[in-house]
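Okay, structure first, notes after.
Take a look at the structure:
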């Protein structure tokens, strides 16, 4: 379909509109989620902290993971993981759950999954100070090489956004994907070096780390925040994977979006 | 700007607001909804049959071509299921034509439903901003119009309350108020104006009339034949996905009623009894007839099957 719209609706204007919509939706959803609850965004912290406590006892004390300062180790992995998991899960149903809107209003549709990602990103960022304090108390004060944290952050953000766009778009036409993703996330959680370090993986399972771009990301978070050293070279591979993911997610979304209104 | 058009006169390129060229839309029938993996695995034969059936399709819009000039008020009428609303969704770019193309010259706003995207937990103010953004305004534009929007809806005291506390009337009023301040070049309107009480409808039509005076191009789909006759500069009659006729409002509305009469003795009798005037004035009466017509057709189809 040729849309020979006159040049008037300048691209800058629509880009501005899209970004303002993205921010407004994100803030509204965050505010509504915690509105009326006494503890507010504190609940955002509870999930990773609670899981951290459980795992610390189960793996650290009972089974003996053999990792130094295991609580700090766990939390450095759990916080980024919850960011990833929460984003993908919330994005998956974002088109299907807004079917009415997609049928009635023409707006930049990518804002729906992206605002799910952005909301979780904000929660992650707001939780970071807690992690920093925890690390400092546990004997890992901020170090010079923390300057790499924004790089890791960017890589994980792009990877997450790409996967979110892809999953949300395909779910419109293949509803099972939302549930498949839920199951897959469990596998990925245990298959990614979050509870353990990649060096503990037996050699015959090495491929697990190689096919999973989240693995070098998690390792890098700990390299930088926990050990104050350079992120591992695998982060470069993850960066390439993130770019591929965002490209794939965008292309898939663009290819499918014109049929959303007929399919939801 | 608002010169009434003769039906077949081509629109000069620089005056066109919309150009629709041989547009068709096909929908898959039953089984259109994607199948669950579970169904496919457990009932492969049934699912195969459903898939085969889904291959059968119907044309909601078939080979429609027309042009709308800048500043025109173009209405599309027709019985339920004739493809009017599908056509409007195609014009809006909400759904993609199976074939053909649509050219749009100007900023389009689409009023298919008032208050789409309102969140009941959020305040009226927050919903106005998000709704305006959804319609394509920038934040600055919305904030500049916010006082006017609130005043137009008459919700000054309630604007900072969550919308779940609003009555349905307040809901619709706010929805329309936002739409009223959109400032479109081309406005596509579906049955939305059929909501609310008579007084509110009158306010809506007044507003649309003022938009038209400002040179806004309007394309409306409606059952309200009285309003169609009153406001349109040109009307198209749709039947089974095709344009049957395009022309002056009075002629086309008359043609529509005649053709309805030809298909049903009830409507024929009604016309003879002079109820045509009532139909022209009341969308409800027309809906009743259409309802009867649909029932009759269904009964006939049933009889043919047996």
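Chains as they are written, first to last, in my numbering: chain A, 134 to 397; chain B, 149 to 454. Idealized CB from N, CA, C, for every residue including glycine.
Would residue i count as contacting chain A if we go by Cβ distances under 8 Å?
i: residue 205 of chain B; result: no
i: residue 269 of chain B; result: yes
i: residue 295 of chain B; result: no
i: residue 236 of chain B; result: no
i: residue 240 of chain B; result: yes
i: residue 184 of chain B; result: yes
i: residue 277 of chain B; result: yes
i: residue 339 of chain B; result: no
i: residue 220 of chain B; result: no
i: residue 166 of chain B; result: no
i: residue 215 of chain B; result: no
i: residue 274 of chain B; result: yes
i: residue 179 of chain B; result: Low confidence applies here, because residue 179 of chain B scores a pLDDT of 47, under 50, leaving its location unreliable and the question unanswered by this model.
Counting C-beta neighbours from all protein chains within 10 Å, is the total for residue i 16 or more, i.e. buried, or is it exposed?
i: residue 304 of chain B; result: exposed
i: residue 216 of chain A; result: buried
i: residue 215 of chain B; result: buried
i: residue 186 of chain B; result: exposed
i: residue 344 of chain A; result: exposed
i: residue 319 of chain B; result: buried
i: residue 284 of chain B; result: buried
i: residue 214 of chain A; result: buried
i: residue 253 of chain A; result: buried
i: residue 170 of chain B; result: exposed
i: residue 323 of chain A; result: exposed
i: residue 303 of chain A; result: buried
i: residue 363 of chain B; result: exposed
i: residue 206 of chain B; result: exposed
i: residue 186 of chain A; result: exposed
i: residue 381 of chain B; result: buried
i: residue 350 of chain B; result: exposed
i: residue 245 of chain B; result: buried
i: residue 283 of chain A; result: exposed
Under 8 Å by Cβ, that's how I've got residue i and residue j pegged, so tell me the actual separation to the nearest angstrom.
i: residue 110 of chain A; j: residue 177 of chain A; result: Outside the modelled stretch of chain A, which goes from 134 to 397, sits residue 110 of chain A, for which no answer is possible.
i: residue 151 of chain A; j: residue 241 of chain A; result: 4 Å
i: residue 279 of chain B; j: residue 356 of chain B; result: That pair is no contact at about 19 Å.
i: residue 276 of chain B; j: residue 322 of chain B; result: 7 Å
i: residue 224 of chain B; j: residue 375 of chain B; result: In fact, because the Cβ distance is near 13 Å, the residues do not count as touching under 8 Å.
i: residue 237 of chain A; j: residue 261 of chain B; result: 5 Å
i: residue 311 of chain A; j: residue 281 of chain B; result: Residue 311 of chain A to residue 281 of chain B, Cβ: 27 Å. No contact.
i: residue 220 of chain A; j: residue 249 of chain A; result: 6 Å
i: residue 316 of chain B; j: residue 339 of chain B; result: With a Cβ gap of about 16 Å, residue 316 of chain B and residue 339 of chain B do not count as contacting.
i: residue 229 of chain A; j: residue 305 of chain A; result: 6 Å
Grab me the residues of residue i's own chain with a C-beta within less than 6 Å of its C-beta, minus the 5 sequence neighbours each way, in chain order.
i: residue 204 of chain A; result: 189
i: residue 246 of chain A; result: 224, 227, 297, 298 and 301
i: residue 367 of chain A; result: 349
i: residue 301 of chain B; result: 321, 322 and 325
i: residue 390 of chain A; result: 242
i: residue 378 of chain A; result: 292, 295 and 296
i: residue 247 of chain B; result: 172
i: residue 231 of chain B; result: 208, 209, 386 and 389
i: residue 382 of chain A; result: 295, 298 and 299
Would you say residue i lies against chain B (beta-carbon separation less than 8 Å)?
i: residue 153 of chain A; result: yes
i: residue 184 of chain A; result: no
i: residue 145 of chain A; result: no
i: residue 150 of chain A; result: yes
i: residue 255 of chain A; result: no
i: residue 158 of chain A; result: yes
Only counting the same chain, and skipping five residues up and downstream in sequence, which positions put a Cβ closer than 7 Å to that of residue i?
i: residue 212 of chain A; result: 181, 257, 260 and 264
i: residue 164 of chain A; result: none
i: residue 376 of chain A; result: 291
i: residue 386 of chain A; result: 243, 298 and 302
i: residue 272 of chain A; result: 202
Sorted by chain position, which residues of the same chain lie with C-beta nearer than 8 Å to residue i's C-beta, five sequence neighbours on each side aside?
i: residue 312 of chain B; result: 268 and 269
i: residue 306 of chain B; result: 272, 313, 314 and 318
What does residue i reach in chain C if we use C-beta pairs closer than 7 Å?
i: residue 438 of chain B; result: Any reference to chain C falls outside this structure, whose protein chains are A and B.
Looking at chain B, which residues of the stretch 220-244 of chain A have a Cβ within less than 7 Å of any of its Cβ atoms? 233, 234, 236, 237, 238, 239 and 240
Along the stretch 279-307 of chain B, where does the CB come closer than 8 Å to a CB of chain A? Name the residues. The stretch 279-307 of chain B vs chain A, Cβ under 8 Å: 281, 282, 283, 284, 285, 286 and 287.
Residues from the stretch 244-268 of chain B in contact with chain A, defined by Cβ distance under 7 Å: 244, 245, 249, 250, 251, 252, 253, 254, 255, 258, 260, 261, 264, 265 and 267
Give, in chain order, every residue of the stretch 325-346 of chain A whose Cβ lies closer than 7 Å to some Cβ of chain B. none
Quick one: which residues of the stretch 376-396 of chain A get their C-beta closer than 7 Å to a C-beta of chain B? List them in chain order. Answer set for the stretch 376-396 of chain A: 391, 392, 394 and 395.
With 7 Å as the C-beta to C-beta threshold (strictly closer), list the residues of the stretch 300-312 of chain A near chain B in chain order. 306, 307, 308 and 309
Between the stretch 165-180 of chain A and chain B, which residues of the former have a C-beta closer than 8 Å to a C-beta of the latter? 165 and 168
Short-range partners of chain B found in the stretch 353-376 of chain A, where Cβ spacing is below 8 Å: none
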